């Protein structure tokens with residue numbers, strides 16, 4: 002066994018190996034010592050190998066998710082090694098293999114993922130000149146992103162994306178490696194730390210990356226994405242996709258979308274801007290009060306993730322923002338029952354179709370998730386009807402596209418409803434997953450388990466009638482199995498097809514071909530039923546592969562609709578107005594308010610925020626703001642930045658009116674320690690700390 006363990010461990014030298022032994026995942030030697038230290042579990046010694054005591058530690062398999070979550074939070078990766086051979090037929094150690102590797106950037110387990118943010122994997126590859134190629138993806142989202150940037154922009158790109166893992170070549174220059182290590186040592190604005198992972202230089206092959214991208218996209222050329230010349234990004238994509246496939250133990254067939262992010266297309270949000278504006282985390286590292294926590298009233302996790310992505314990736318081009326604003330305007334319409342209200346009531350309680358679809362493609366989905374998917378597909382059908390009915394004769398283009406994609410794939414919900422129990426077991430291995438009536442063989446096996454007594458009574462009645470032996474009995478015991486017992490005085494009436502099984506003092510026990518066949522079925526019925534359920538479940542997931550693409554489109558449509566409805570609700574509830582865009586350089590805000598500070602005031606003191614104006618443009622391109630401590634200077638400056646950001650992402654804004662010209666970047670450099678939401682200026686915070 003230790004030889005088997007060491008052979009498996011050799012393939013994962015820098016990863017904790019969870020080695021399945023019965024009801025536990027065991028770790029040995031250095032892995033055991035490390036796990037004992039990180040997880041505070043017992044370290045023991047048992048037996049010897051090569052003359053040395055075997056150090057070991059273990060965790061129960063039924064509660065492994067909690068231990069994995071703790072290790073991932075600490076930046077560790079874990080290889081899961083399962084028993085794949087048959088214990089009954091194995092000669093020597095049962096066959097085992099690593100079925101997946103759980104890493105901070107490739108999480109797919111629901112228990113390990115944050116509902117409102119993605120687990121992202123990124124690879125970087127410095128080019129021959131000064132540029133750097135980047136590629137990143139979320140395994141559960143199914144989109145590969147490519148970008149190329151200057152070396153001095155890399156830190157901002159990493160902070161913007163926020164990966165859990167960062168891959169780089171073993172042959173980068175010492176200076177580049179040092180800069181990456183410095184970036185990963187410092188926590189991201191979210192407070193999360195990025196784990197740097199060194200990969201072999203051959204993994205960063207531009208030609209391989211292009212071929213892998215074409216294979217994922219099922220395309221002949223990258224020209225449709227204008228990505229054919231991004232050779233450094235192709236090299237990063239090669240390492241990215243290979244590593245992701247390695248961790249999942251299979252091809253990522255659901256990753257079929259590509260997006261190219263270009264520095265000149267996005268509004269530049271440097272890391273200091275995102276930190277100082279407290280977009281997703283406060284300066285103290287808390288998730289609220291922030292701009293995102295104020296905006297996010299989404300009904301689903303996938304809606305929250307879409308909204309977060311919109312906020313962090315505003316585009317310089319206004320078309321996307323205008324499309325969202327048009328959709329929000331239509332969702333707000335209706336004097337009695339605005340469309341957004343009915344849509345949100347139908348979205349409430351929906352399952353995370355995006356992640357369920359990805360896990361289905363990876364064949365990792367659990368039965369209860371499929372039950373949730375079945376119910377959500379019914380909701381999606383009703384959502385499509387409600388949305389189409391509410392759009393009227395001139396629908397917003399974005400909403401029309403969403404309505405079209407909300408139609409569930411034909412046959413998917415019906416198959417799931419037929420195949421899965423309404424309240425299945427949590428795991429397939431527990432049985433009770435496949436619905437009654439779906440498979441005749443499984444029904445028979447279950448019937449054997451539940452109707453054993455009935456069969457024995459029926460057989461006993463028939464055999465008494467056939468043989469004329471009134472005291473014939475059909476029984477069972479654990480030693481001899483099933484048998485027909487006949488007293489010695491009735492032996493002469495025993496038919497020829499009876500085969501002697503046991504002789505007693507006063508009776509003989511026999512078995513017939515029919516009873517033997519039933520015995521074989523009954524004694525193995527539970528085991529065979531579990532095996533049959535597993536087979537049927539795997540077959541079901543195989544059938545569902547044909548629906549991965551339409552389910553992915555449906556998930557993205559639901560996410561976008563949820564995010565738009567949240568923005569519509571915020572607009573009405575918080576009294577926000579629609580911004581106007583103009584080609585002339587200007588920022589004209591009338592009656593502007595800082596949305597987070599205003600909300601915080603309402604929650605804590607019931608006070609109102611004093612609105613103010615900002616007019617920049619033409620010859621007036623700059624303002625110098627002076628005033629006493631805690632006079633509102635920082636709040637005013639951030640207010641302008643937040644309003645510009647909200648407008649640029651396609652949201653209504655906290656102002657009486659807003660006219661906005663072209664924006665290419667938002668920069669802030671304000672007191673590093675103030676706490677606007679709690680009315681604490683930089684000076685006040687410093688004095689409080691000093692006291």
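In this note's numbering, the protein residues as written are 2 to 692.
C-beta: ideal position from N, C-alpha, C; glycine also.
These figures come from a predicted structure and were not determined experimentally.
Through-space distance from residue j to residue i, alpha-carbon basis
{"i": "residue 694", "j": "residue 259", "result": "Outside the displayed range of the chain (2 to 692) lies residue 694, so it cannot be described from this structure."}
{"i": "residue 509", "j": "residue 454", "result": "22 Å"}
{"i": "residue 404", "j": "residue 379", "result": "14 Å"}
{"i": "residue 155", "j": "residue 207", "result": "19 Å"}
{"i": "residue 457", "j": "residue 475", "result": "6 Å"}
{"i": "residue 625", "j": "residue 376", "result": "57 Å"}
{"i": "residue 42", "j": "residue 230", "result": "51 Å"}
{"i": "residue 678", "j": "residue 661", "result": "In this prediction, residue 678 scores a pLDDT of 48, lower than 50, which makes its location untrustworthy; no coordinate-derived value is stated."}
{"i": "residue 47", "j": "residue 65", "result": "22 Å"}
{"i": "residue 122", "j": "residue 390", "result": "41 Å"}
{"i": "residue 363", "j": "residue 527", "result": "28 Å"}
{"i": "residue 306", "j": "residue 658", "result": "28 Å"}
{"i": "residue 115", "j": "residue 309", "result": "13 Å"}
{"i": "residue 197", "j": "residue 610", "result": "44 Å"}
{"i": "residue 15", "j": "residue 201", "result": "14 Å"}
{"i": "residue 160", "j": "residue 102", "result": "25 Å"}
{"i": "residue 290", "j": "residue 636", "result": "14 Å"}
{"i": "residue 595", "j": "residue 551", "result": "41 Å"}
{"i": "residue 557", "j": "residue 584", "result": "31 Å"}
{"i": "residue 419", "j": "residue 373", "result": "14 Å"}
{"i": "residue 2", "j": "residue 94", "result": "6 Å"}
{"i": "residue 219", "j": "residue 213", "result": "10 Å"}
{"i": "residue 185", "j": "residue 540", "result": "43 Å"}
{"i": "residue 33", "j": "residue 20", "result": "11 Å"}
{"i": "residue 691", "j": "residue 371", "result": "With a pLDDT of only 46 at residue 691, under 50, the local geometry of the prediction cannot be trusted, and the value read off the model is given with reservation. The alpha-carbon atoms of residue 691 and residue 371 are separated by roughly 56 Å."}
{"i": "residue 687", "j": "residue 607", "result": "The predicted position of residue 687 is uncertain, since its pLDDT is 49 and thus under 50; a value taken from the coordinates is nonetheless stated next. One C-alpha to the other measures close to 27 Å."}
{"i": "residue 434", "j": "residue 352", "result": "19 Å"}
{"i": "residue 311", "j": "residue 329", "result": "14 Å"}
Host alpha helix (DSSP H) of residue i (start-end)
{"i": "residue 625", "result": "Careful: residue 625 lies outside any alpha helix (DSSP H) and carries neither H nor E."}
{"i": "residue 368", "result": "368 to 392"}
{"i": "residue 563", "result": "549 to 574"}
{"i": "residue 22", "result": "Element bounds for residue 22: not the alpha helix (DSSP H) but the beta strand (DSSP E), 17 to 22."}
{"i": "residue 273", "result": "272 to 277"}
{"i": "residue 596", "result": "596 to 605"}
{"i": "residue 247", "result": "232 to 249"}
{"i": "residue 540", "result": "514 to 545"}
{"i": "residue 210", "result": "207 to 218"}
{"i": "residue 615", "result": "It is not in any alpha helix (DSSP H) - residue 615 instead sits in the beta strand (DSSP E) that spans 613 to 618."}
{"i": "residue 398", "result": "398 to 406"}
{"i": "residue 415", "result": "413 to 420"}
{"i": "residue 97", "result": "No alpha helix (DSSP H) holds residue 97; the beta strand (DSSP E) holding it covers 97 to 103."}
{"i": "residue 610", "result": "Unbroken run through residue 610: none, as it is neither H nor E."}
N- and C-terminal bounds of the beta strand (DSSP E) containing residue i
{"i": "residue 137", "result": "132 to 139"}
{"i": "residue 167", "result": "166 to 170"}
{"i": "residue 318", "result": "Note, residue 318: premise wrong, no beta strand (DSSP E); not H, not E."}
{"i": "residue 667", "result": "Element bounds for residue 667: n/a, residue is neither H nor E."}
{"i": "residue 122", "result": "122 to 127"}
{"i": "residue 13", "result": "Looking at the DSSP string, residue 13 is not in any beta strand (DSSP E), and its letter there is neither H nor E."}
{"i": "residue 268", "result": "Here residue 268 belongs to no beta strand (DSSP E), and DSSP marks it neither H nor E."}
{"i": "residue 641", "result": "Looking at the DSSP string, residue 641 is not in any beta strand (DSSP E); the run it does join, the alpha helix (DSSP H), is 634 to 650."}
Nearest-angstrom Cβ-Cβ length linking residue i and residue j, presumed shorter than 8 Å
{"i": "residue 407", "j": "residue 529", "result": "About 41 Å separates the two Cβ atoms, so there is no contact after all."}
{"i": "residue 17", "j": "residue 77", "result": "6 Å"}
{"i": "residue 235", "j": "residue 210", "result": "4 Å"}
{"i": "residue 718", "j": "residue 295", "result": "Here the chain has residues from 2 to 692 only, and residue 718 is not among them."}
{"i": "residue 217", "j": "residue 145", "result": "7 Å"}
Chain D within 8 Å of residue i, Cβ atoms only
{"i": "residue 114", "result": "The chain labelled as chain D is not found in the depicted structure, where only one protein chain is given."}
Assess, as a yes-or-no matter, whether the region 420 to 431 is touched by the region 358 to 377 under the definition of 3 or more beta carbon pairs within less than 8 Å.
Yes: at least three Cβ pairs fall under 8 Å.
Runs of alpha helix (DSSP H) lying entirely within the region 57 to 92, each at least 4 residues, in chain order
Here the runs fully enclosed are 65 to 74.
Tell me whether the region 613 to 620 and the region 267 to 282 touch, counting them as touching only if at least three CB pairs, one residue from each stretch, are closer than 8 Å.
no
If contact is defined by three or more beta carbon pairs under 8 Å, each pair taking one atom from either stretch, is the region 562 to 573 in contact with the region 294 to 303?
Taking a cut-off of 8 Å on C-beta distances, the region 294 to 303 touches the region 562 to 573, as three or more cross pairs fall below it.
Across the region 651 to 661 and the region 249 to 256, are there enough close Cβ pairs to call them in contact, namely three or more that are closer than 8 Å?
no
For the region 440 to 468, list the alpha helix (DSSP H) runs that are entirely contained and at least 4 residues long, ordered along the chain.
441 to 451, 453 to 468
Closer than 8 Å is the cut-off here; do at least three beta carbon pairs connect the region 232 to 246 with the region 339 to 347?
no
Cβ pair count under 8 Å reaching 3, the region 51 to 60 against the region 5 to 13:
no
Alpha helix (DSSP H) segments (min. 4 residues) lying fully within the region 345 to 369:
354 to 362
Contact between the region 572 to 590 and the region 480 to 491 (3+ Cβ pairs under 8 Å)
no
Could you tell me which uninterrupted beta strand (DSSP E) segments, each at least 3 residues in length, are contained entirely in the region 461 to 506, listed from first to last along the chain?
Entirely contained in the region 461 to 506, the beta strand (DSSP E) runs reaching 3 residues are, in chain order, 474 to 478, 482 to 488, 500 to 504.
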